[in-house]
Amino acid sequence: VKHIATANPHNVALWNLFSIISNRINFYQNPIQTRHVIRLLLKNPRSVPLMVIVGHHCLQSRSFPLSIGEYLKALACSTLSQDKALLHLCLAAALLQASSSRKTLDRNHKVLQAQASMQKYRELRAPVQEAEVHYNIGRALHHVGLCQLAVESYTRCLELCAGAPPSPIRWAAAHNLARLYEASDNAALARRVMWENARI
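Those letters in the sequence shown? Residues 3 to 202, per my numbering, in order.
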């Protein structure tokens, strides 16, 4: 798959398959393989899949400015709205991680940038997957400690999932909402949320 993907640097489906296989076998733990992708990006500077892979790798290695830069370049080169929605979500995640780093001087500015990116993600993705959007917004708010706003987003996500078959997003939203209720000494409400949404 590596050789086929290398020959097709703009093919999103091939790079998705390559990434899935790579993650299963810890391909990116090897610095030689990471350098291979970076060299390939230098040869194909407008390849959005390669920018995203390099951005993910930089995020995993806590090189937040580099990951933010790669996601911004990918946004500039991307044309599909579904790709832009994912890229805005990745950018928001990188900005939130950067805001929690001790090396970051302008933490509040990074949080505001992340919220702006989440808003763009919401505009692009909400018509398709509104429950997913509310879960991700709740998770971002939860990450920065805005718990009351996170409760509202998780609750809205669960309302949208009501009546639908059980899903990982519903379970995750219920779990996170229950943890927030437990943290505020409301164990009865936490149990009720789990009972209504996370039963097997």
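Using N, Cα and C, we set each Cβ at its ideal position, and we do this for glycine too.
| Item | Value |
| --- | --- |
| Could you check which residue in G140, L151, A189, L191 has the C-alpha nearest to that of R175? | This sequence places Ala at residue 175; Arg is not what is there. Checking every option, the nearest Cα to that of A175 belongs to G140. |
| Using a Cβ-Cβ cutoff of less than 6 Å, which residues in the same chain neighbour L160 once the five nearest sequence positions on both sides are dropped? | A175, N199 |
| Between L179 and A164, is the Cβ-Cβ spacing less than 9 Å? | no |
| Which term fits V130, buried or exposed, when burial requires 16 or more other beta carbons within 10 angstroms of its beta carbon? | exposed |
| Could you check what DSSP says for N188 in three-state terms: helix, strand or coil? | coil |
| Which runs of the beta strand (DSSP E) spanning at least 3 residues fall entirely within the segment 93 to 144, listed in chain order? | none |
| If distances are taken between C-alpha atoms only, which option among D85, I171, Q117, K112 comes closest to V50? | D85 |
| Provide the residue span of the alpha helix (DSSP H) that contains G57, from first to last. | 50 to 62 |
| So, at 6 Å on beta carbons, what are the nonlocal neighbours of R124 in its own chain, with the 5 sequence-adjacent residues on each side left out? | V135 |
| Helix or strand or just coil, what does DSSP make of G165? | coil |
| Would the beta-carbon of K45 fall within 9 Å of that of P11? | yes |
| On a CA-only basis, which of W17, K105, T81 is nearest I55? Give me that one, please. | W17 |
| Between which residues of its own chain and K122 is the CB-CB distance below 6 Å, once the five residues before and five after are set aside? | H90 |
| For K112, count the other beta carbons within 10 Å of its own beta carbon; 16 or more makes it buried, fewer makes it exposed. Which is it? | buried |
| Does A175 come out as helix, strand or coil in the three-state DSSP assignment? | helix |
| Could you give the distance in angstroms between the alpha-carbon of W173 and the alpha-carbon of P47? | 39 Å |
| Can you tell me which of the three DSSP states S80 falls into? | coil |
| When the Cα atoms are used, what is the spatial distance from H58 to M120? | 18 Å |
| Whole-angstrom Cβ separation of A9 and F20, contact assumed at under 8 Å? | Actually they do not touch by this definition, with Cβ atoms about 12 Å apart. |
| With a threshold of 7 Å on Cβ separation, who are the neighbours of L97 within its own chain once the five nearest residues in sequence on each side are excluded? | I70, K112, Q115, A116, S119 |
| Tell me which residue opens and which closes the alpha helix (DSSP H) that L148 is part of. | From DSSP, L148 is part of no alpha helix (DSSP H); its letter is neither H nor E. |
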